[in-house]
Amino acid sequence: MELLRLADQTDDDLDRLYAVPSSPWLRVNMISTVDGAATGPDGRSGGINNVADKRVFDTLRRLCDCVVVGAGTAREEGYQDASKPLVLVSRRAEVPPGLRDAPSGSVLMATCAAAERLDETRELLGADHVLVQGGHRVDLAGLRHALTERGFASMLAEGGPHLLRDLLAEGVVDELDATVVPRLLAGEHPRITDGPPVDVALRLTLLLEDHGTLLARWLT
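So the mapping is simple: this note's numbering equals the position in the sequence shown, first residue as 1, plus 48.
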């Protein structure tokens with residue numbers, strides 16, 4: 049395990065430190081406070097991120113082939129950047145308003161056959177960009193395989209907590225990149241995982257530090 053100061057690392061250094069060891073590879077990037085809050089007072093993860101987290105966030109975005117995110121999280125966090133293919137995961141097949149006008153092919157929907165907005169989303173995004181995986185819930189193992197088949201060898205998931213829990217439960221996560229910011233919030237905030245219990249062992253391979261912010265790379 050390497051312990052390094054983030055300030056000493058160039059962007060090329062970060063690209064090397066976060067390079068995927070094999071493909072296909074699915075990693076998840078999450079942030080929380082010291083007491084486990086995954087959102088700030090505004091109810092968004094953006095309410096607790098900082099410059100250090102943004103550097104690693106940008107690195108992971110730079111290295112990935114696509115970004116996988118829950119449609120609810122994309123809506124709550126105000127996702128609009130589709131510079132990398134954005135794969136929305138939704139049991140309802142609902143595209144958030146901020147992404148409905150994205151360029152064709154930049155947004156994909158991963159959903160299930162029973163999704164109530166399936167036909168509407170096929171018309172909006174194009175049938176080729178709607179991935180039906182499973183009957184009444186999204187088959188995440190099937191989704192990983194489908195994305196790999198499309199040439200997305202390096203997949204970056206950005207939550208939210210329900211999606212991370214489900215990805216872990218289905219055994220499709222290779223890596224967790226977890227930022228802990230030096231803040232305490234108390235109150236009622238979600239953790240980085242939410243849902244029925246899972247028990248996944250992790251191995252720490254990298255720890256970066258920047259003014260109290262800890263950025264860890266964990267492998268499953």
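Beta carbons are placed, not taken as given, at the ideal position from N, Cα and C, and that holds for glycine.
- Taking C-alpha positions only, residue 166 is separated from residue 175 by approximately 10 Å.
- By the beta-carbon neighbour count (other beta carbons within 10 angstroms, threshold 16), residue 206 is buried.
- Annotated three-state conformation of residue 239 is coil, per DSSP.
- Cβ-Cβ distances below 8 Å link residue 248 to 216, 221 and 268 in the same chain, with the five nearest sequence neighbours on each side left out; the list follows chain order.
- DSSP, read as helix, strand or coil, puts residue 169 in helix.
- The C-alpha of residue 241 is placed about 8 Å away from the C-alpha of residue 211.
- The three-state reading of DSSP puts residue 93 in helix, counting H, G and I together.
- A buried status is given to residue 214, since no fewer than 16 other beta-carbon atoms sit within 10 Å of its beta-carbon.
- The beta carbon of residue 202 lies closer than 7 Å to those of 68, 71, 73, 111, 112 and 113 in the same chain, with the five residues before and after it left out.
- Annotated as proximal: residue 179 and residue 158, with beta-carbon spacing under 7 Å.
- For residue 49, the number of other beta carbons within 10 angstroms of its own is below 16, and it is reported as exposed.
- Per DSSP, the beta bridge partners of residue 77 are 225.
- A check of alpha carbon separations from residue 89 across 153, 139, 264 and 236 identifies 236 as the nearest.
- The Cβ-Cβ distance between residue 155 and residue 130 falls below 7 Å.
- Between residue 122 and residue 142, the C-beta spacing is not below 7 Å.
- Rounded to the nearest whole angstrom, the CA to CA distance from residue 250 to residue 256 is 17 Å.
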